[in-house]
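Colleague: Protein chains in written order, with our numbering: chain A, 1 to 365; chain B, 1001 to 1365; chain C, 2001 to 2365; chain D, 3001 to 3365.
Here it is, the structure in full.
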């Protein structure tokens, strides 16, 4: 079925394969009146662009985005915004190898199992380039959220066994791994050098903090804010786990330690005295920062020898060469942020109809 | 917005509050021709029924389900199946306390923030009794899955710090905690006794194994099978984390260890030689068992003294009395299984339109 | 697939068969804070209740509605509202006849073709009693619309060849056919007497006028307000046509006559000088009253002899006895109004996110 | 909200404005394995291309479609198919007039009312060029339907007061109005000449016949096949009415004449002896041809003088010059066919999960 559309009000539909003509996204339901130009979106795309450090693929892709519709005189019109990044390098190459066997850790086998065949060029639809569309849409969502007072801070929490121990927001963009801790970043780089030497790759953890979200966003039951965040994050290729607040740590805790007491602020507002919950209670935002983490698996494309099966059913040995990231965590940081932004904005838009008095006020009755 | 509906083809809508007239669910899109009676559903509901051990609330609730529509002469007709559990004990009680303040770890505050007021009786819509509807629907989904060769095994992986070290499927129903390891179960019970003595509660981890799922179920991009499982599981009240396969462990692993090689079975089928992925690749099932875990937070209702705020804005101390579970993990096991069953069945139904040749064959052209 | 859910934000799911345990509806997404009791809903249901005149079936059905959830202390809580009408008369009857053949003009054959069998008692799910759920939900939508300044006036425009020539809103409830023209109502009754004498039935046309809708409700492209009204109305059992404004008359008109010029009101507002469009332009309300009509086919259950086929494949003659309406138009008036109300309210709720400045104002940024 | 997406399984999302960079559509959920190239789609687009006769606009638009994704080695892969028609003539023109007032019969005013401003160039998103996306997608749906044995025949039933009296399928493409009656076509052309002389325009009626649809397609209650067709057709810009089978004629009929008796064919199949219903009963196809009609209003852009209002609130007189169609009916024929094809295909795909035995057979259990 159709699996390339995300969102209810702010709804995006992505398309495109790694080595097709381009990658794109249509954003339907973007409110009218937002100032928007290509640069707003390009800034996000550049954060996932390859070739920025020796820990990401050395392929050269400029990934320049173009707005095809939905913006007039510098502002969104309320009609669909079509964005495209045309692929520059589509030259015919020999994909005989990749077409003939199933790469471990990739979707080659499952695509064949589902559809009967696949576009094998560069991974086709399951390539990391698929995230261009959602990242571009996320840039727009994040711009709107900022105007609503909501900001997202996303960074690498750990690379393999190396975890950031301190948090300096200014440090995040100072190192190629987007870690908020310079010491850990240096250790992580050393770890990655060792992985590369062994023709191996590494996983890691991404953390996202959302500030400024008012209380009451999200819905009880099936459309819980945390449930929708979980889906959004797990829909990113290499993600294998999601946790909010204390997450799996809460499973080992006692209620007395895990509960967040309520208190009254100087401004007479209700607030929590701690944030083990990670900013949600009963599926709705509780006024504290929302904090969640995503577990990213190691890049499956490695140069080391692996056992697999050819399409003709023979057991073979392969080793994957080419320009692959030893770790995809740094490039996935902005993708995580984009998916969170899309989810939060949609929840805020849906929340506007929760109370009859707000609706009456909107229509001035 | 409407947050009480789940699923695309096999679609359920739940309703009801803890102390209202009843709790129910409407299942729309159930295929015609399934043999179905109340007992099929009751068997699932009984697994979450309170009062079954000293580690669950001692409230007496029979929770007898009634089929109101959609079944004729013992078979489903293809029209909506309406199920209801009427609440037996709705007698007026004094809810003055609970109405006047915000319980830590509960949704009292967020409900007020979103809707302006709340049905405070027994937690209203955010009570654990809300899960009756989804569990009843999950029983039907699981019955269909069984006819399609798909079975689910769900159990308690850990209680607080005590983790099952061995796996004996026959043991799961032999202990009140639904652990597959008798020794761990005994340790966990001792741990819970200590929690109860200290007026405290415990969290834990639930694991679910799905066998028999063919390869290719789920979709690339936003409707990945693992993404939908994550949403389904995080939509359960107390869940704070989800991981599939090696999950957060994969974030610390190397590609060479995390990749699952492919091999050829005696029957000439393609299979994986390990299952670090937990049964999905690129968002689609890969033919291996699907394995995921859910982190459950400790019961927030504890008898120990806690700090909170009254609705009138004063900081107060409370302690919650009454019949509360010291751990909700055992009762949540069947709820996790139900949500997984609903998600898998919907994915299998959606998968039927993936290939043109199958569609032509269906319509015999 | 699931076809019993309607709406995006204000979402309803109906269930129940003619002779099952009951008929019901779950309304999910109703805004919190609406004053609501059974009487609000019963008033609508009574308008479709049988036995009110000699032109409707003489069956006795009290159709008393019960609120099972979603209302606390007299106000909606924002959580699902479950409504039920329990069927009073479920006594086992001999349905041998109706089970064994396909009634012309009914859904007996198509249900069998789709699902393999059917609940044949009283028409099962395709009975007119199915409309109880949507009418009950429509009563709530209409109550909210009234608070937003939007009112609906629905009536019988014609019965067979007899068309209302004048419009007196006060007359609508003065005659059993709900016609706004006393003379035409008398003629229509005489016509129906003749139909009944000949063991025959009649069709008719229902018209609905919506006042007070602000301009800009509805969306361009696929979610046009008129498109959604058309679906809503055609989803009612016996409806065979829908037209808005001049409708099929516009197909014979010239642009110079069909275009509505714009003018400026005394209050300096933009208004149309005529209303051939029926209140929409480009799929969005234009500030004029929305006017549409529904064509209703004659009741298919007639006492005259008809040719049909038995399930065993023999050509047979039947004549349908029992208490059937010679015309269903009068009872369908409130159903049309209910479907329009549901559609309009949903469109108004969705419209709240059209502009960024309104969203910023809602969140007070 | 998002209103540019249509369909549940075979889901399309359109984008683009009349004078923007292009017009496009993303088709998500197209089954894998369909042979597809640009020519398949271009054939449909050419049927709505301007400049084909003196009764359509004389603008030159080649409207050449390009496939950007979703097709590999000549077959659909199951992933989103992105189609685009780049606008050739985007040169800056003086739109001062059209920007400054509200054209009668157009969506200028309602766009401003909803979004606060509009892309006024050539009608922006509400231009007839919006239908390029849906027509392109419909071409693919129709190609699949043909492989399932379902064909659509669509034509002009009437132009203004001139109605086709005979039906010769071979004649449809022999006259510029797509009428199945050569005599009526000649009369209609004479009528249009008179309209043009008077600087006026004409409406008309389009009819569509669907052959080969098996019984049981569509769903009871809200997702009736006729309800979804009605929405699909009313979502086309100038459509003001929809009727199926005898439609509004049924409202004047008696049950004895309107009911279609059942009979047994030579091949022992159940069939109807007449088709007043237009091919559906209870919202599901009944095995007869589906027949429906759409009422199209006269082109609103006329050269005759009209009264309207400027954006600054003054009452003014305008006359619209330029290359406008005196009648849009002939060009809308293929758009009606496209929307019907999309609706039918989606209903057929959804129908595959109606019965448990079919599902079990699909998964070979």
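Where is the CB? At the ideal position from N, CA and C, for every residue including glycine.
No experiment lies behind these values; they were computed from the predicted model shown.
Note down, in chain order, each residue of its chain lying with its Cβ closer than 6 angstroms to the Cβ of residue 3099 (chain D), except the 5 sequence neighbours on either side.
Modeller: As a position in the fourth chain, residue 3099 (chain D) is number 99, starting the count at 1. Cβ within range, chain order: 3120.
Colleague: Report yes or no: is there a C-beta of chain D within less than 9 angstroms of the C-beta of residue 28 (chain A)?
Modeller: Along the first chain, read from residue 1 onward, the residue named residue 28 (chain A) stands at position 28. Closer than 9 angstroms: yes.
Colleague: Under 9 angstroms, Cβ to Cβ, is there at least one residue of chain A near residue 3044 (chain D)?
Modeller: Walking along the fourth chain from the start, residue 3044 (chain D) turns up at place 44. So, not an interface residue.
Colleague: Report yes or no: is there a C-beta of chain D within less than 9 angstroms of the C-beta of residue 364 (chain A)?
Modeller: Numbered from 1 along the first chain, position 364 holds the residue referred to as residue 364 (chain A). It does not: the Cβ of residue 364 (chain A) has no partner Cβ on chain D nearer than 9 angstroms.
Colleague: Measuring alpha carbon to alpha carbon, tell me which residue in B:1136, B:1189, B:1021 is nearest residue 1159 (chain B).
Modeller: By one-based count along the second chain, residue 1159 (chain B) stands at place 159. That would be B:1189, whose Cα lies nearest to the Cα of residue 1159 (chain B).
Colleague: Please go through the same chain and pick out, in chain order, the residues whose beta-carbon is closer than 8 angstroms to the beta-carbon of residue 242 (chain A), but skip the five residues on each side of it.
Modeller: The count along the first chain starts at 1 and reaches residue 242 (chain A) at position 242. Answer for residue 242 (chain A): 229, 230, 233, 234, 292, 293, 294, 295, listed in chain order.
Colleague: Give a yes or no on whether 9 angstroms exceeds the smallest Cβ distance from residue 1084 (chain B) to chain C.
Modeller: Here residue 1084 (chain B) is taken as the residue at index 84 of the second chain, counted from 1. It does: the Cβ of residue 1084 (chain B) has a partner Cβ on chain C nearer than 9 angstroms.
Colleague: Considering only residues of the region 3146-3224 of chain D, which uninterrupted alpha helix (DSSP H) runs meet the minimum length of 4 residues and lie entirely inside it, listed in chain order?
Modeller: Runs found: 3182-3197.
Colleague: Here's a check: name, in chain order, each residue in its chain whose Cβ is nearer than 6 angstroms to the Cβ of residue 3287 (chain D), leaving out the five neighbours to either side.
Modeller: Walking along the fourth chain from the start, residue 3287 (chain D) turns up at place 287. Only 3215 meet the Cβ criterion.
Colleague: If we cut at 9 angstroms on Cβ distances, does residue 3047 (chain D) have a partner in chain C?
Modeller: Position 47 of the fourth chain, counting from 1, holds the residue named residue 3047 (chain D). Answer no: the Cβ-Cβ gap between residue 3047 (chain D) and chain C never drops below 9 angstroms.
Colleague: Could you tell me which residues DSSP pairs with residue 1271 (chain B) in its beta bridges?
Modeller: By one-based count along the second chain, residue 1271 (chain B) stands at place 271. Partner(s): B:1263.
Colleague: When you compare only the Cα positions, how much space is there between residue 2037 (chain C) and residue 1023 (chain B)?
Modeller: Taking the third chain and counting its residues from 1, one reaches residue 2037 (chain C) at position 37. Taking the second chain and counting its residues from 1, one reaches residue 1023 (chain B) at position 23. Their Cα atoms are separated by approximately 19 angstroms.
Colleague: Determine the chain B residues that contact residue 2280 (chain C) at a beta-carbon separation under 8 angstroms, and present them in chain order.
Modeller: As a first step, residue 2280 (chain C) is located in the third chain; it is residue number 280 there, counting from the start. Neighbours of residue 2280 (chain C) on chain B: none; closest Cβ ~25 angstroms, over 8 angstroms.
Colleague: Rounded to the nearest angstrom, how far is the Cβ of residue 77 (chain A) from that of residue 137 (chain A), given a contact under 8 angstroms?
Modeller: Walking along the first chain from the start, residue 77 (chain A) turns up at place 77. Walking along the first chain from the start, residue 137 (chain A) turns up at place 137. Actually they do not touch by this definition, with Cβ atoms about 17 angstroms apart.
Colleague: Under the three-state reduction of DSSP, which class applies to residue 2231 (chain C): helix, strand or coil?
Modeller: For the purposes of this step, residue 2231 (chain C) is identified with residue 231 of the third chain, where counting begins at 1. Helix.
Colleague: Which bits of chain A does residue 1243 (chain B) rub up against, with CB to CB less than 7 angstroms?
Modeller: Here residue 1243 (chain B) corresponds to residue number 243 of the second chain, with the count starting at 1. 240, 241, 295, listed in chain order.
Colleague: Should residue 109 (chain A) go down as buried or exposed, given a rule of 16 or more other Cβ atoms within 10 Å for buried?
Modeller: Start at 1 with the first residue of the first chain, and residue 109 (chain A) comes out as number 109. That one is buried.
Colleague: I'd like to know if residue 2022 (chain C) contacts chain D, where contact means its C-beta is closer than 9 angstroms to some C-beta of that chain.
Modeller: Reading the third chain from its first residue, position 22 is the one you call residue 2022 (chain C). Cβ-Cβ to chain D under 9 angstroms: no for residue 2022 (chain C).
Colleague: Spell out a yes or no on whether the region 2070-2086 of chain C and the region 1014-1030 of chain B are touching, meaning 3 or more CB-CB pairs, one atom from each, closer than 8 angstroms.
Modeller: Contact holds: three or more Cβ-Cβ distances are below 8 angstroms.
Colleague: How would you label residue 3357 (chain D), buried or exposed, when you count the other beta carbons within 10 angstroms and need 16 or more for buried?
Modeller: Stepping through the fourth chain from its first residue, residue 3357 (chain D) is reached at position 357. Counting Cβ neighbours within 10 Å, residue 3357 (chain D) comes out exposed, since fewer than 16 surround it.
Colleague: Entirely within the region 2283-2310 of chain C and at least 3 residues each: give me those beta strand (DSSP E) ranges in chain order.
Modeller: DSSP runs (the beta strand (DSSP E)) wholly in the region 2283-2310 of chain C: 2290-2296, 2306-2309.
Colleague: For the region 43-56 of chain A and the region 323-341 of chain A, state whether three or more C-beta atom pairs, one from each stretch, are separated by less than 8 angstroms.
Modeller: Contact between the region 43-56 of chain A and the region 323-341 of chain A is present, because at least three Cβ pairs lie under 8 angstroms.
Colleague: If we cut at 9 angstroms on Cβ distances, does residue 10 (chain A) have a partner in chain B?
Modeller: Start at 1 with the first residue of the first chain, and residue 10 (chain A) comes out as number 10. Taking Cβ atoms only, chain B never reaches closer than 9 angstroms to residue 10 (chain A), which makes this a no.
Colleague: Assign residue 109 (chain A) to one of three DSSP states: helix, strand, or coil.
Modeller: Here residue 109 (chain A) refers to the residue found at position 109 of the first chain. Residue 109 (chain A): helix per DSSP, three-state reduction.
Colleague: Kindly indicate the opening and closing residues of the alpha helix (DSSP H) around residue 3023 (chain D).
Modeller: Here residue 3023 (chain D) is taken as the residue at index 23 of the fourth chain, counted from 1. First-last for residue 3023 (chain D): 3022-3028, but that is the beta strand (DSSP E), not the alpha helix (DSSP H).
Colleague: Against chain A, does residue 3212 (chain D) count as a neighbour if the rule is that its beta carbon must be under 9 angstroms from one of theirs?
Modeller: Walking along the fourth chain from the start, residue 3212 (chain D) turns up at place 212. Chain A contact via Cβ: absent.
Colleague: Taking the beta strand (DSSP E) that residue 3062 (chain D) falls in, what are its first and last residues?
Modeller: For the purposes of this step, residue 3062 (chain D) is taken as residue 62 along the fourth chain, with counting starting at 1. Taken as a continuous stretch (DSSP letters only), residue 3062 (chain D) belongs to no beta strand (DSSP E), as it is neither H nor E.
Colleague: Using only CA atoms, which one of B:1249, B:1332, B:1007 lies nearest to residue 1027 (chain B)?
Modeller: If you number the second chain from 1, residue 1027 (chain B) lands on position 27. For residue 1027 (chain B), the nearest C-alpha among the options comes from B:1007.
Colleague: Comparing the C-beta of residue 2299 (chain C) with each C-beta of chain B, is any distance below 9 angstroms?
Modeller: Taking the third chain and counting its residues from 1, the one referred to as residue 2299 (chain C) is at position 299. No, its Cβ sits nowhere closer than 9 angstroms to a Cβ of chain B.
Colleague: Leaving out five residues before and five after residue 1169 (chain B) in sequence, what residues of the same chain have Cβ atoms less than 7 angstroms from its Cβ?
Modeller: Here residue 1169 (chain B) corresponds to residue number 169 of the second chain, with the count starting at 1. So the list reads 1153, 1180, once near-sequence residues are dropped.
Colleague: With a threshold of 7 angstroms on Cβ separation, who are the neighbours of residue 122 (chain A) within its own chain once the five nearest residues in sequence on each side are excluded?
Modeller: The count along the first chain starts at 1 and reaches residue 122 (chain A) at position 122. The residues are 18, 19.
Colleague: Report yes if the CB atom of residue 329 (chain A) is closer than 9 angstroms to the CB atom of residue 177 (chain A), and no otherwise.
Modeller: Indexing the first chain from 1 puts residue 329 (chain A) at position 329. Indexing the first chain from 1 puts residue 177 (chain A) at position 177. A contact, by the Cβ cut-off of 9 angstroms.
Colleague: Assign residue 2097 (chain C) to buried or exposed, taking buried as 16 or more other Cβ atoms, counted over all protein chains shown, within 10 Å of its Cβ.
Modeller: Along the third chain, read from residue 1 onward, the residue named residue 2097 (chain C) stands at position 97. It is exposed - the Cβ of residue 2097 (chain C) has fewer than 16 other Cβ atoms within 10 Å.
Colleague: Once you ignore the five residues that flank residue 3063 (chain D) on each side, which residues in its own chain have a CB closer than 7 angstroms to its CB?
Modeller: In the fourth chain, residue 3063 (chain D) corresponds to position 63, counting from 1. Within the same chain, residue 3063 (chain D) has close Cβ partners 3045, 3049, 3085, 3132.
Colleague: Measure the CB-CB distance between residue 202 (chain A) and residue 1220 (chain B) and report whether it falls below 9 angstroms.
Modeller: By 1-based counting over the first chain, the position of residue 202 (chain A) is 202. By 1-based counting over the second chain, the position of residue 1220 (chain B) is 220. Taking 9 angstroms as the Cβ cut-off, residue 202 (chain A) and residue 1220 (chain B) do not qualify as a contacting pair.
Colleague: Give me the Cβ distance between residue 1105 (chain B) and residue 258 (chain A), rounded to the nearest whole Å; I'm assuming they're in contact under 8 angstroms.
Modeller: Taking the second chain and counting its residues from 1, one reaches residue 1105 (chain B) at position 105. Taking the first chain and counting its residues from 1, one reaches residue 258 (chain A) at position 258. Contact flag correct, Cβ pair sits at about 7 angstroms.
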